[in-house]
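Inspection log for the structure reproduced underneath, given as structure tokens.
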Amino acid sequence: MNKTIDLFYDEAKALRQSIHQEPEIAFEEVKTNQKIRAFLDKHQIPYVSGIAKTGILATIEGKLPGKTILLRADMDALPMDENPNNPYASKIPGRMHACGHDGHTAGLCLAGAVLNQMKQELKGTVKLLFQPAEEAIGGAEPMIKAGVLEGVDMAFGAHLWGSSPGGRVYLKKGPMMASPDNFIIKVKGVGGHGSKPHVAVDPILIASQIVIALQTIVSRQISPLEPLVISVGKMHGGTAPNIIPEEVVLEGTIRTLNNVVRADVPIKMEKLVKGIAESYGGQAEFTYLPAYPVLVNDNEVTDIAYRAAGRFLNPEQLAFLDQPDMGGEDFAYIAQAVPSTFMYVGIMEDQPISHHHPDFHFEDKHLKVLSELMVQCVLEANR
Ligand code: NI
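Put into structure tokens, the structure is as follows:
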């Protein structure tokens with residue numbers, strides 16, 4: 036492990052704990068932004084703040100010529116309560132860093148401090164991207180539109196990962212995370228008395244048929260070799276046991292790992308949904324809400340990350356993942372624009388740690404692996 040990491044570790048740890056205690060959700064990361072700026076100011080790292088509201092882009096210019104490498108961290112928390120027995124638990128009700136983004140932010144600050152310290156012998160330029168709103172809406176896309184990738188040769192991002200053993204790094208070539216698109220289905224029937232269904236059109240029955248039939252797209256219309264998830268997560272309709280309502284609303288998510296399948300699924304869904312509703316004498320509206328693209332890692336940049344991780348980890352602490360994950364990640368926009376790779380840094384001690392859970396917690400020491408990985412990626416890319 037790089038000795039300079041130890042020099043700045045306590046400062047990064049304090050930053051992580053402070054951000055953890057005052058979590059802020061998408062595009063509200065105002066105090067988080069201030070804490071990052073205070074860290075950058077102390078280390079005399081220049082930056083531009085206020086990109087996509089709360090985002091920051093810091094720049095470290097090496098003295099020697101080389102590539103421009105972007106390192107990305109997300110800053111946002113989640114709208115949920117933290118278990119108050121967790122170490123340095125959230126002080127803000129209904130707000131929690133339950134995904135580790137506090138660690139991503141503090142870890143990137145630590146990597147920045149180390150790279151800044153070695154500026155005299157550093158090749159190329161390093162950009163530190165602190166991005167808002169990964170969990171909701173997405174902060175990567177507006178930051179890209181604001182020009183943060185101009186002149187960038189390649190990008191690295193990482194996520195602390197609760198189902199991977201602590202101290203290990205996992206990489207993947209090609210598709211790594213799914214596009215997390217959403218949909219809304221409004222089923223319209225004809226309301227009436229629950230005792231006289233024959234003079235009404237029951238949207239609850241139609242919606243129930245639709246929920247079941249949607250799984251036939253997964254099992255019968257898309258190749259079994261293509262990963263696809265369609266989940267209905269919300270089903271709303273009705274006010275009383277003896278009233279057939281006018282309308283039922285379904286909401287759900289679609290996960291795909293292939294852009295061709297991604298484009299095809301909503302078309303098939305709309306056809307099926309409308310056909311079922313009409314066959315029962317009702318109507319349906321289908322709204323597709325596209326979110327982040329599929330996260331596809333570049334092969335060469337992933338090889339660079341593999342060599343970089345191998346500089347400080349033993350071979351058994353480093354592996355390629357066999358499978359992608361059906362979760363989404365808006366680093367996908369960055370990976371679509373410049374050659375990139377996204378990495379998992381394990382935080383598991385004995386038992387897997389569930390992200391987005393009130394008990395989510397990881398040990399501060401894992402910041403060191405995350406930071407060292409980022410530092411080594413920059414050095415390796417310019418070797
Ligand atoms: Ni996350």
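With the sequence shown counted from 1, adding 35 to any position gets you the working numbering.
C-beta atoms are modelled at their ideal positions from N, C-alpha and C, and glycine is treated no differently.
Endpoints, the alpha helix (DSSP H) within which Gly142 is located: Reading the sequence shown from its first residue, position 107 is the one you call residue 142. For Gly142, the enclosing alpha helix (DSSP H) stretches over residues His136 to Gln152.
Rounded C-alpha distance that separates His139 from Asn334: Numbered from 1 along the sequence shown, position 104 holds the residue referred to as residue 139. Numbered from 1 along the sequence shown, position 299 holds the residue referred to as residue 334. If you draw a straight line from the Cα of His139 to the Cα of Asn334, it is about 23 Å long.
- prompt: Is the beta carbon of Glu169 within less than 7 Å of some heavy atom of ligand 3?
  reply: Here the bound small molecules are ligand 1; ligand 3 is not part of this structure.
task: Write down the C-beta distance between Phe395 and Ala133 rounded to the nearest angstrom, noting that I regard them as a contact closer than 8 Å.
output: The count along the sequence shown starts at 1 and reaches residue 395 at position 360. The count along the sequence shown starts at 1 and reaches residue 133 at position 98. Correct: roughly 4 Å between the Cβ atoms.
The alpha helix (DSSP H) enclosing Ile247, as first and last residue numbers: Residue mapping note: residue 247 aligns to position 212 of the sequence shown, counting from 1. Its alpha helix (DSSP H) spans residues Pro238 to Thr251.
- request: Check whether the Cβ of His55 sits closer than 7 Å to any heavy atom of ligand 1, and report yes or no.
  value: Here residue 55 corresponds to residue number 20 of the sequence shown, with the count starting at 1. False, no ligand heavy atom lies under 7 Å from that Cβ.
- prompt: Exposed or buried, what is Gln166 when buried is set at 16 or more other beta-carbons lying within 10 Å of its beta-carbon?
  reply: The residue given as residue 166 occupies position 131 in the sequence shown. Taking all protein chains shown into account, Gln166 has 16 or more neighbouring C-beta atoms within 10 Å of its C-beta and is therefore buried.
task: Would you mind working out which of Thr39, Met212 and Ala340 sits nearest Ala146, comparing C-alpha positions?
output: Taking the first residue of the sequence shown as 1, we reach residue 146 at position 111. Closest option to Ala146, judged by alpha-carbon separation, among Thr39, Met212 and Ala340: Thr39.
task: Mark Gln386 as exposed unless 16 or more other C-beta atoms lie within 10 angstroms of its C-beta, in which case mark it buried.
output: Start at 1 with the first residue of the sequence shown, and residue 386 comes out as number 351. Burial is judged here by how many other beta carbons sit within 10 angstroms of a residue's own beta carbon; Gln386 has fewer than 16 and is exposed.
Helix, strand or coil at Asp360 according to DSSP, with G and I counted as helix: Your numbering for residue 360 matches position 325 in the sequence shown. In this structure, DSSP gives Asp360 an extended state, which the three-state scheme calls strand.
task: Report yes if the CB atom of Ser406 is closer than 8 Å to the CB atom of Val161, and no otherwise.
output: In the sequence shown, counting from the first residue as 1, residue 406 sits at position 371. In the sequence shown, counting from the first residue as 1, residue 161 sits at position 126. Contact flag unset, no.
task: Look at the alpha carbon of Ala275 and the alpha carbon of Pro238, and state the distance between them as a whole number of angstroms.
output: As a first step, residue 275 is located in the sequence shown; it is residue number 240 there, counting from the start. As a first step, residue 238 is located in the sequence shown; it is residue number 203 there, counting from the start. The alpha-carbon of Ala275 is positioned some 14 Å away from that of Pro238.
task: Could you tell me if Lys269 is buried or exposed, where buried requires 16 or more neighbouring beta carbons within 10 angstroms of its beta carbon?
output: Here residue 269 refers to the residue found at position 234 when the sequence shown is read from its first residue. Lys269 is exposed by the Cβ-count criterion.
query: From what residue to what residue does the alpha helix (DSSP H) around Gln56 run?
result: Against the sequence shown, residue 56 aligns to sequence position 21. Per DSSP, Gln56 belongs to the alpha helix (DSSP H) from Lys38 to Gln56.
query: Helix, strand or coil: how does DSSP classify Asp116 here?
result: Indexing the sequence shown from 1 puts residue 116 at position 81. In the displayed model, Asp116 falls within coil according to three-state DSSP, outside both helix and strand.
- prompt: So, using beta-carbon positions, are Ala380 and Leu356 closer together than 8 Å?
  reply: Mapped onto the sequence shown, residue 380 falls at position 345. Mapped onto the sequence shown, residue 356 falls at position 321. A small fix is needed here, since residue 380 is Val in this sequence, not Ala. No, they are not a contact pair.
Residue environment, His436, which counts as buried when at least 16 other CB atoms sit within 10 Å: The question about residue 436 has no answer here: the residues shown for the chain are numbered 36 through 418.
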